[in-house]
Structure formats: C-alpha cells, structure tokens
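This report concerns only the one structure given below.
Residue numbers (our numbering): 1 to 272.
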C-alpha cells in the first residue's frame, strides 16, 4: 500500500480510509481505517452526532483500524466548535475569552486522541492549519512513543526540517511545496490522495520529480512559482513534460526506488 490517507470511498480498498465514524459504525471487510474526530466536526461530535468516545476507543483497538485520526487543530476554521450558526457568513465574531476557551477545548480533544493512539499503539494522523506551534508544543509535552503524521503537508522546507527534528512524519498529497518534498528524509515521507481525484501514482511521480531535482534553477530560486506546477488540477509544466528520453528513464528508476521505500514506510508504520 502506498496511499496512507483518503476520504474517497472508491479508494478504500487500496488506501488507509479516514473517517469520523457515525454511531454504531462497523468496519467493512478488506478495508483498513484511520478513525478519529476531525477538527471540522468537533461541535457536531460534542452534540452527539457522531460515535461517542467509548465507541471510538473500541474501534481504535480493532485490527482493521491502523491509525487514530485524523485529529488535530484548525485555527482558520469558522465557525469555531462552540458556536452554532450553520453558515460562515452568519457566524458571529467570538470574543477573546470565547475564542481562547474554544481553542483550549480543541487542544484538549486532540490530546485525548493522542493518548488514545499511544494506548492502542497506533500512529496519530494530524490535521493542522495555522497551528504548527501548538501541535509541536503538545508533542514536546507528551513525548509520544507512537508516530505522529502531519497529513496533507504543504509547508516550506524550514518548517519541514523543524517537524522532522521533532520526530514527526510528513505525508504529501496533490499540493505540496517542492522544496519540502526534496528535503524530507525518505524514512519520514508518506504519500496520500486525501480528497484528490489524482491517482496515487501521479502524486508519486510529482514528488519524485521534486526529489530528483527536475526543476529548473529558476524554479528552485522561486519555490512559490514552482508550487504552481502542483496546484489542484494542474498539468505538469512544459519544463517537466519535456524531459529527454534519458532523463525520463532515470526518473522512472528513481520513482520505482522511491515507491519501494514509501511502501516500506507504510508497512513499518501501519503494518499493511
């Protein structure tokens, strides 16, 4: 298996299928899961619209479930979990005390899931938006024995290096910073489709291009422009599409070796 994170049901037999389970959820035969409380549905979870904590604990211990999550923090998301309006444009602007309390509860829920992951001995899959410092602080405090994995990582190489030094793994999807893709150690790198329509093989190809230095010098110096090659739905740039036959053969060999290493990572981390 190469794809460690998908929400697309049609991918569920060839990837780690991630969801916040409803009440009474039963795993499907032949599917490997990651289950947790996504930060986007915290409020609904607290209102009892998903499985209660006791059910989540029982699910996390099942052999079909190979990771806890995605859990995490999203400080860009509105409405915040403790506020009820359904439409973003109707959301009130919460005061500082309310916002602080909502964030405290979000961190508390993430910590609870992190401790669950440690208890069942399975990786924790993280959703993180504008909250890297908070997650790093929690990791420093808990010192977990199980892997923590930033899913859908889009940060820059400097931030990637900081997270790797902390011992975290980074999973890349359709959109990523080429410089970060190039510098993440192979044993800390994973790939995913998430909600992308791209097959995992195409994402592997794009990451391989970044890691083997297929960008021009200009693109290396201006990574924000290189990032444009990988925006949602974009085709490969003419520069990358115009590789010579020799370069294409070398890239194919590099991609095959990278695939082998990443599949080894999946087996090591998730046992699949």
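A virtual CB, placed ideally from N, CA and C, is assigned to each residue, including glycine. As the structure is a prediction and not an experimental result, all values here were calculated from the model.
Under 8 Å between C-beta atoms of residue i and residue j
i           : j           : result
residue 170 : residue 208 : no
residue 263 : residue 2   : yes
residue 113 : residue 68  : yes
residue 270 : residue 144 : no
residue 166 : residue 129 : no
residue 126 : residue 60  : no
residue 109 : residue 42  : yes
residue 132 : residue 159 : yes
residue 33  : residue 65  : yes
residue 180 : residue 152 : no
residue 164 : residue 178 : no
Assigned secondary structure, residue i (DSSP; H/G/I helix, E/B strand, else coil)
i           : result
residue 70  : strand
residue 61  : coil
residue 107 : helix
residue 177 : coil
residue 142 : helix
residue 259 : helix
residue 101 : helix
residue 253 : helix
residue 25  : coil
residue 272 : coil
residue 77  : coil
residue 156 : coil
residue 118 : helix
Residue i, enclosing beta strand (DSSP E) - first and last residue
i          : result
residue 35 : 32-35
residue 49 : That residue, residue 49, is in no beta strand (DSSP E); it is neither H nor E in DSSP.
residue 15 : 15-19
For residue i: DSSP bridge partner residues
i           : result
residue 149 : 125, 169
residue 194 : 6
residue 189 : 170
Candidates the options, of which the one nearest residue i by Cα
i           : options           : result
residue 99  : 76, 114, 112      : 76
residue 70  : 27, 133, 36, 31   : 36
residue 24  : 183, 33, 8, 58    : 58
residue 256 : 18, 26, 212, 105  : 212
residue 260 : 163, 191, 56, 181 : 191
residue 74  : 249, 47, 40       : 40
residue 176 : 138, 187, 204     : 204
residue 21  : 44, 30, 14        : 44
residue 31  : 19, 51, 15        : 15
Boundaries (first-last residue) of the alpha helix (DSSP H) holding residue i
i           : result
residue 292 : As shown, the chain starts at 1 and ends at 272. That puts residue 292 outside it, with no answer to give.
Within-8 Å CB hit, residue i to chain D
i           : result
residue 182 : Looking at the structure shown, chain D is missing, and only one protein chain is on hand.
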